[in-house]
Each structure stands twice: as C-alpha cells, then as structure tokens.
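Colleague: Below is one structure. I have some questions about it.
In this note's numbering, the protein residues as written are 796 to 935.
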C-alpha cells in the first residue's frame with residue numbers, strides 16, 4: 796500500500812504543477828518511521844475539533860515525517876516518537892474549501908479506538924461546516 800502523502804521524496808515548490816495535492820491538504824510528507832507508539836499532543840488551533848480531547852498515546856503506529864507545512868495550514872496535533880516530532884493532524888483552507896487531515900490510523904486498533912473515532916468525526920464535521928450536528932460518542 797502506498798500513501799499519496801509520501802509520493803514525492805523531494806520538497807515541491809508552492810505553485811508548481813506537482814504541488815497541487817500538497818497545497819490542497821496543506822502538508823507534504825516524505826515517508827514514515829518505524830511502527831512504535833506515538834505520544835499525541837493536541838493544540839487548540841481549531842477548538843471545535845479538539846474539544847474534549849486529551850493528550851494520549853497510540854499503539855504501534857507509523858509517524859509520518861513532513862518536509863513542509865503550507866501557508867494556511869493549522870496544526871491540530873503533533874506526535875512524538877522517541878526524539879522525533881511531527882504534525883499528525885491538521886486543517887487547511889484551500890481557496891475557501893475546508894480540509895481536515897490526519898496521518899494517524901494505520902492499524903485496526905487505532906481506528907477502533909473511540910477517541911480516534913470521535914476525533915475524526917469532529918474533523919469531518921468541521922470540514923463540511925456542520926459543527927452544529929449532534930455527535931454520538933463512539934463508545935455509546
């Protein structure tokens with residue numbers, strides 16, 4: 796399985812033809828490190844998405860490395876694996892279109908975690924401007 800996020804190993808130049816995807820999602824990464832737990836620290840740059848979420852740790856996950864964060868991108872969470880730190884969730888405004896992305900979720904145990912499901916649900920609702928929609932907690 797190949798992820799589009801790490802399709803380009805060299806930094807792209809903003810405005811170039813091969814930069815469109817990364818400009819859309821707001822971040823370019825080049826690959827990932829080993830499968831190890833990631834310590835997640837949420838930031839309050841997009842309060843709706845992080846409301847009620849506390850910092851925590853994943854099981855063994857792949858933490859993607861990024862080469863650039865594009866203008867307009869808001870960091871939602873950073874992940875630390877050993878001494879290495881990177882953005883693991885973010886939003887972007889691409890010409891008025893809201894974009895929510897996370898590089899977490901490579902394993903069934905991660906995507907089955909109610910904290911992850913609530914986080915992604917809030918990110919998706921934010922992206923489609925439905926912050927008013929009721930959210931049923933994943934563990935209910």
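Glycine included, each C-beta is placed from N, C-alpha and C at the ideal position.
Under three-state DSSP, which class holds residue 865?
Modeller: Within the chain shown, residue 865 is the residue found at index 70, counting from 1. Residue state, collapsed to three classes: coil.
Colleague: What residue does the alpha helix (DSSP H) around residue 918 start on, and which one ends it?
Modeller: One-based indexing of the chain shown puts residue 918 at position 123. 909-922 is the span of the alpha helix (DSSP H), which, as asked, contains residue 918.
Colleague: Around the C-beta of residue 866, are 16 or more other C-beta atoms found within 10 angstroms, so that it is buried, or is it exposed?
Modeller: As a first step, residue 866 is located in the chain shown; it is residue number 71 there, counting from the start. With fewer than 16 other Cβ atoms within 10 Å, it is exposed.
Colleague: Indicate the three-state DSSP secondary structure (helix, strand or coil) for residue 881 in the structure shown.
Modeller: Taking the first residue of the chain shown as 1, we reach residue 881 at position 86. It is a strand residue.
Colleague: Which complete alpha helix (DSSP H) runs does the segment 830-862 hold, if anything under 4 residues is left out?
Modeller: 842-845
Colleague: Of all Cβ atoms in chain B, is any one closer than 7 Å to the Cβ of residue 868?
Modeller: This model lacks chain B altogether, as it is built from one protein chain only.
Colleague: Taking a contact to mean a Cβ-Cβ separation below 7 Å, would you say residue 852 touches residue 830 in this structure?
Modeller: The count along the chain shown starts at 1 and reaches residue 852 at position 57. The count along the chain shown starts at 1 and reaches residue 830 at position 35. No, the Cβ-Cβ distance between residue 852 and residue 830 is not below 7 Å.
Colleague: Is residue 915 near the ligand PLP, judged by its Cβ being under 6 Å from some heavy atom?
Modeller: No copy of the ligand PLP occurs in the structure displayed, which carries no ligand at all.
Colleague: When you compare the segment 802-820 with the segment 841-850, are there three or more beta-carbon pairs, one atom per stretch, that lie closer than 8 Å?
Modeller: no
Colleague: Once you ignore the five residues that flank residue 836 on each side, which residues in its own chain have a CB closer than 6 Å to its CB?
Modeller: Here residue 836 refers to the residue found at position 41 when the chain shown is read from its first residue. 850, 873.
Colleague: Between residue 860 and residue 930, what straight-line distance do the alpha-carbon atoms span, to the nearest angstrom?
Modeller: Taking the first residue of the chain shown as position 1, residue 860 is located at position 65. Taking the first residue of the chain shown as position 1, residue 930 is located at position 135. For residue 860 and residue 930, the distance between alpha carbons rounds to 31 Å.
Colleague: How big is the Cα-Cα spacing for residue 814 and residue 910?
Modeller: The residue labelled residue 814 in the question sits at position 19 within the chain shown. The residue labelled residue 910 in the question sits at position 115 within the chain shown. Approximately 32 Å between the Cα atoms of the pair.
Colleague: If I'm right that residue 845 touches residue 871 with Cβ under 8 Å, what's the distance once you round it to whole angstroms?
Modeller: As a position in the chain shown, residue 845 is number 50, starting the count at 1. As a position in the chain shown, residue 871 is number 76, starting the count at 1. Rounded, the Cβ-Cβ distance is 6 Å, consistent with contact.
Colleague: Below 6 Å CB to CB, which residues in the same chain sit around residue 898 once its five sequence neighbours on both sides are set aside?
Modeller: Numbered from 1 along the chain shown, position 103 holds the residue referred to as residue 898. Result list for residue 898: 859, 883, in chain order.
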